[in-house]
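Encoded as structure tokens, the structure appears first; notes follow it.
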Amino acid sequence: MTVELRQLTMLDEKAFFEGMKEWKVDELSWYTFAWRDGMSFSQMLEILKKEKAGIDIAPDRVPHTMLYGFMDGKIIGRVSVRHELNERLRHRGGHIGYSVAEKFRNKGYATDMARQALDYCKSLGLQSIMVTCSDSNTPSWKVIERFGGKLEDRVWNDEDNEMIRRYWITL
Ligand SMILES: CC(C)(COP(=O)(O)OP(=O)(O)OC[C@H]1O[C@@H](n2cnc3c(N)ncnc32)[C@H](O)[C@@H]1OP(=O)(O)O)[C@@H](O)C(=O)NCCC(=O)NCCS
């Protein structure tokens, strides 16, 4: 059982929209940053391509690659890989952010996706990466610590009104 973690292609339109239905209860940004109502799938792929290359991105964003996790042709989650940190990500967000749709959780999928995302980070030339999570997000910090995450500190995050943990993983 291995999640296939990869970028979307034109062949993934159906899987993308099916996968999006799983995110009705959670914030849609856990599934996609690029998608907007009324957009065609190919327009969204174009945005993802530009975001990866750092073209036309907002001043507070950095180049990132969105990788989707597939199991049996269905999208079960995603990982956003930031190619570098800015001040905001250095405080909260870090290099990678992952999510798994509720009905697919606690099956090891986030662990599997994180393993592959770390390889992707290496392929970008990163030597160590920062990962942050809410202090109370046990599944998330378990994933981080499984891959050797060293706790840098716990800090208060005003944006989400909660304590967060900041970790570094040496690749
Ligand atoms: C965090 C998240 C990605 C974990 O996904 P997942 O696929 O359920 O994670 P896994 O199945 O790989 O489990 C990871 C670890 O957490 C444990 N775990 C899973 N669900 C748990 C729960 N509800 N309570 C405690 N531990 C739990 C697993 O046993 C595993 O631990 P182990 O390595 O010791 O066996 C998922 O809960 C999620 O998408 N949450 C919302 C988005 C989010 O918070 N993302 C993280 C941002 S940093």
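Its first residue numbered 131, the sequence shown is counted upward by one per residue in the numbering used here.
All residues carry an ideal CB built from backbone N, CA and C; glycine is no exception.
These numbers were taken from a predicted model, which means no experiment stands behind them.
Which one of the options has the shortest CA to CA distance from residue i?
i: residue 240; options: 277, 260, 220; result: 277
i: residue 227; options: 236, 237, 217, 247; result: 247
i: residue 167; options: 150, 214, 194; result: 150
i: residue 200; options: 268, 291, 229; result: 229
i: residue 133; options: 282, 237, 297; result: 237
i: residue 253; options: 212, 139, 224; result: 212
i: residue 301; options: 267, 269, 261; result: 261
i: residue 148; options: 272, 204, 288, 270; result: 204
Can you tell me where the beta strand (DSSP E) with residue i in it begins and where it stops?
i: residue 292; result: 292-300
i: residue 227; result: 226-230
My output table needs one value for residue i: the three-state DSSP class, helix, strand or coil.
i: residue 262; result: strand
i: residue 286; result: strand
i: residue 131; result: coil
i: residue 273; result: helix
i: residue 221; result: helix
i: residue 141; result: helix
Could you spell out the range, first to last residue, of the alpha helix (DSSP H) harbouring residue i?
i: residue 210; result: It is not in any alpha helix (DSSP H) - residue 210 instead sits in the beta strand (DSSP E) that spans 204-212.
i: residue 241; result: 239-253
Since I believe residue j is in contact with residue i (beta carbons under 8 Å), could you give me their beta-carbon distance rounded to a whole number of angstroms?
i: residue 196; j: residue 137; result: 7 Å
Using a Cβ-Cβ distance cut-off of 7 Å, determine whether residue i contacts chain C.
i: residue 192; result: Chain labels in this structure do not include chain C; a single protein chain is all it has.
Worksheet item: Taking the runs of the beta strand (DSSP E) that are 3 residues or longer, which of them lie wholly in the stretch 146-210?
Response: 194-201
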